[in-house]
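Student: Per full-length UniProt numbering, numbering of the sequence shown is gapless, rising by one per residue and ending at 286. C-beta atoms are modelled at their ideal positions from N, C-alpha and C, and glycine is treated no differently.
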Amino acid sequence: MYLFVDVDIRPQLALAAKGSRKNVNEKAVIEARSLSKRFGGLLAVDGYSLTLNSGDLVGLIGPNGAGKTTAFNLLTGVLPCSSGTIAINGRDMTGAAPHEMARKGIARTFQNIRLFDDLSVLENVMCGGHERYSASTFSTLLQLPSFWRAEDQLRQVSEDILERIGLGKFAASRAGDLSYGDQRRVEIGRALAGGPKALLLDEPAAGLNPSETTELVSFIREINKEFGIAVLVVEHDMHLVMGLCERVQVLNRGQLIAEGTPKEIQKNDAVIEAYLGTRRKGKAHA
1 MYLFVDVDIR PQLALAAKGS RKNVNEKAVI EARSLSKRFG GLLAVDGYSL TLNSGDLVGL
61 IGPNGAGKTT AFNLLTGVLP CSSGTIAING RDMTGAAPHE MARKGIARTF QNIRLFDDLS
121 VLENVMCGGH ERYSASTFST LLQLPSFWRA EDQLRQVSED ILERIGLGKF AASRAGDLSY
181 GDQRRVEIGR ALAGGPKALL LDEPAAGLNP SETTELVSFI REINKEFGIA VLVVEHDMHL
241 VMGLCERVQV LNRGQLIAEG TPKEIQKNDA VIEAYLGTRR KGKAHA
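1. Can you check DSSP and say which residues form a bridge with residue 252?
2. Please report the straight-line C-alpha distance between residue 178 and residue 267, rounded to a whole angstrom.
3. Taking 8 Å as the limit between beta carbons, can you name the residues of its chain near residue 226, skipping five residues before and five after?
4. Just how far apart, CA to CA, sit residue 51 and residue 214?
5. Kindly give me the distance between the Cβ atoms of residue 190 and residue 228, rounded to whole angstroms, as I take these residues to be in contact under 8 Å.
6. Is residue 270 buried or exposed, if buried means 16 or more other CB atoms sit within 10 Å of its CB?
7. Using only alpha-carbon positions, find the residue among 70, 125, 56, 88 that is nearest to residue 193.
8. Short of 8 Å in beta carbon distance, which residues of its chain neighbour residue 58, apart from the five on each side in sequence? Order them along the chain.
9. Whole angstroms are fine: how far does the CA of residue 143 sit from the CA of residue 84?
10. Pull up the CB-CB distance for residue 120 and residue 173, whole angstroms please, since I reckon it's below 8 Å.
11. Taking residue 108 as part of the beta strand (DSSP E), name the residues at either end of that continuous run.
12. Could you pull the start and end residues of the beta strand (DSSP E) that residue 46 belongs to?
13. Count the other CB atoms, across all protein chains shown, that sit within 10 Å of the CB of residue 122; report buried if there are 16 or more and exposed otherwise.
14. DSSP on residue 75, reduced to helix/strand/coil?
15. Would you mind sorting residue 256 into buried or exposed? The rule is 16 or more other CB atoms within 10 Å of its CB.
16. Between which two residues does the alpha helix (DSSP H) holding residue 182 run?
17. The alpha helix (DSSP H) that contains residue 211, what's its start and end?
18. Where do the N-terminal and C-terminal ends of the alpha helix (DSSP H) with residue 122 fall, by residue?
19. Using a threshold of 8 Å, state whether the C-beta atoms of residue 27 and residue 82 are closer than that.
20. Along the chain, where does the beta strand (DSSP E) containing residue 264 start, and where does it finish?
21. State buried or exposed for residue 274, treating a residue as buried only when at least 16 other CB atoms are found within 10 Å of its CB.
22. What did DSSP end up calling residue 288 once you bin it into helix, strand or coil?
23. What first and last residue would you give for the beta strand (DSSP E) that runs through residue 38?
24. Checking the sheet assignment: what are the DSSP bridge partners for residue 91?
25. Take the Cβ of residue 218 as the centre, count every other Cβ of all protein chains shown within 10 Å, and call the residue buried at 16 or more, exposed below.
26. Distance check for residue 236 and residue 130, CA to CA, integer angstroms please.
27. Going by other Cβ atoms of all chains shown within 10 Å of its Cβ, with 16 needed for buried, is residue 31 buried or exposed?
28. Under the rule that 16 or more other beta-carbon atoms within 10 Å means buried, what is residue 42, buried or exposed?
Set out below in structure tokens:
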């Protein structure tokens, strides 16, 4: 009888990956190599790799249970990888915790919107920038001039973000009173307040109606171009990703089975089989 234990091996992975930095692509915002994640006897992600450069707009899709969320959580430090390496702007971050990834410019959103409903829209966005614009603990406790300067700077940045994402008129509104689509925008605006180099969106269209989804696609595209940051969209909605992203990755059973342009992915037999459970006519069945 075997006993499988899921152990946090972040420290060991960080030490093991130090020697591989010479092979890292320093131009990539995120470079993940051969990431794997095992939960006991289940290999949820098996050898996943991603290179995300500044300005990229990439989609990660796959059937239910394909391993998308697990791969996403590995990239953001929510889960430690069982093997593989992650580098941010050429610096090894294998085994780093989520707040450490955030400090290096990796921002994320969640499938279920997580706003502070009773705070204003502006206050919600400001929450995303406190790590970047905060004063020292001493200055904050005594509310010294440096604290107020940092607070004013954060407020100005957050107000600017709200204007740029079309929510300036809602700055003083209670966040919980906004439509679901606008709440999603606020969540993304909060992520932008930290000045990220890469924005990772987890099922951003979840809970949106068709009209809101169409607006979201345009919104993400505008953010990618206007802010010039890399964007990774994890979605189960193939049509959304095909209409939005320049490059698409497909996971199935934890493995990356295809990567290419939307047109290439739509014609890929392995992708068709993964989604439909059948190959094209004329292809032999496994």
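Tutor: In brief:
1. Numbered from its first residue, the sequence shown carries residue 252 at position 252. Answer by DSSP bridge pairing, in chain order: 255.
2. Taking the first residue of the sequence shown as 1, we reach residue 178 at position 178. Taking the first residue of the sequence shown as 1, we reach residue 267 at position 267. Taking the straight line from one Cα to the other gives about 40 Å.
3. Stepping through the sequence shown from its first residue, residue 226 is reached at position 226. For residue 226, where only same-chain residues beyond five positions count, the Cβ hits under 8 Å are 164.
4. Position 51 of the sequence shown, counted from the first residue, corresponds to residue 51. Position 214 of the sequence shown, counted from the first residue, corresponds to residue 214. When rounded, the distance between both Cα atoms is 27 Å.
5. Sequence index remark: in the sequence shown, residue 190 carries index 190 (1-based). Sequence index remark: in the sequence shown, residue 228 carries index 228 (1-based). 19 Å between Cβ atoms; not a contact.
6. The residue labelled residue 270 in the question sits at position 270 within the sequence shown. Exposed.
7. Reading the sequence shown from its first residue, position 193 is the one you call residue 193. Nearest C-alpha to residue 193: 125.
8. As a first step, residue 58 must be located in the sequence shown, where it is residue number 58. Counting only Cβ-Cβ distances below 8 Å, and skipping sequence neighbours, we find 50, 52, 230, 231, 232, 233, 245, 246, 247, 248, 249.
9. If you number the sequence shown from 1, residue 84 lands on position 84. If you number the sequence shown from 1, residue 143 lands on position 143. Rounded to whole angstroms, residue 84 to residue 143 spans 44 Å at the Cα level.
10. Mapped onto the sequence shown, residue 120 falls at position 120. Mapped onto the sequence shown, residue 173 falls at position 173. Indeed, because the Cβ distance is near 6 Å, the residues count as touching under 8 Å.
11. Indexing the sequence shown from 1 puts residue 108 at position 108. First-last of the beta strand (DSSP E) with residue 108: 106 to 108.
12. Start at 1 with the first residue of the sequence shown, and residue 46 comes out as number 46. Unbroken beta strand (DSSP E) run through residue 46: 42 to 53.
13. Taking the sequence shown and counting its residues from 1, one reaches residue 122 at position 122. Classification for residue 122: buried.
14. Sequence index remark: in the sequence shown, residue 75 carries index 75 (1-based). Correct three-state label for residue 75: helix.
15. For this step, residue 256 is matched to residue 256 along the sequence shown. With 16 or more Cβ atoms within 10 Å of its Cβ, residue 256 is classed as buried.
16. Reading the sequence shown from its first residue, position 182 is the one you call residue 182. Counting along the chain, the alpha helix (DSSP H) containing residue 182 begins and ends at 180 to 192.
17. Start at 1 with the first residue of the sequence shown, and residue 211 comes out as number 211. Looking at the DSSP string, the run of the alpha helix (DSSP H) that includes residue 211 is 210 to 227.
18. By one-based count along the sequence shown, residue 122 stands at place 122. Looking at the DSSP string, the run of the alpha helix (DSSP H) that includes residue 122 is 121 to 127.
19. Taking the first residue of the sequence shown as 1, we reach residue 27 at position 27. Taking the first residue of the sequence shown as 1, we reach residue 82 at position 82. Their beta carbons are not under 8 Å apart, which means residue 27 does not touch residue 82 by this criterion.
20. For the purposes of this step, residue 264 is taken as residue 264 along the sequence shown, with counting starting at 1. Segment 262 to 266 is the alpha helix (DSSP H) holding residue 264; no beta strand (DSSP E) there.
21. For the purposes of this step, residue 274 is taken as residue 274 along the sequence shown, with counting starting at 1. Residue 274 is buried by the Cβ-count criterion.
22. The question about residue 288 has no answer, for the chain in this structure spans 1 to 286.
23. Start at 1 with the first residue of the sequence shown, and residue 38 comes out as number 38. Counting along the chain, the beta strand (DSSP E) containing residue 38 begins and ends at 28 to 39.
24. Reading the sequence shown from its first residue, position 91 is the one you call residue 91. Looking at the DSSP assignment, residue 91 forms a beta bridge with 88.
25. On the sequence shown, position 218 is the one that residue 218 refers to. The residue is exposed, with fewer than 16 neighbouring Cβ atoms inside 10 Å.
26. Counted from its first residue, the sequence shown places residue 130 at position 130. Counted from its first residue, the sequence shown places residue 236 at position 236. Roughly 32 Å separates the two Cα atoms.
27. Working through the sequence shown from its first residue, we reach residue 31 at position 31. Burial call: buried.
28. Counting from 1 along the sequence shown, the entry for residue 42 is found at position 42. It counts as exposed.
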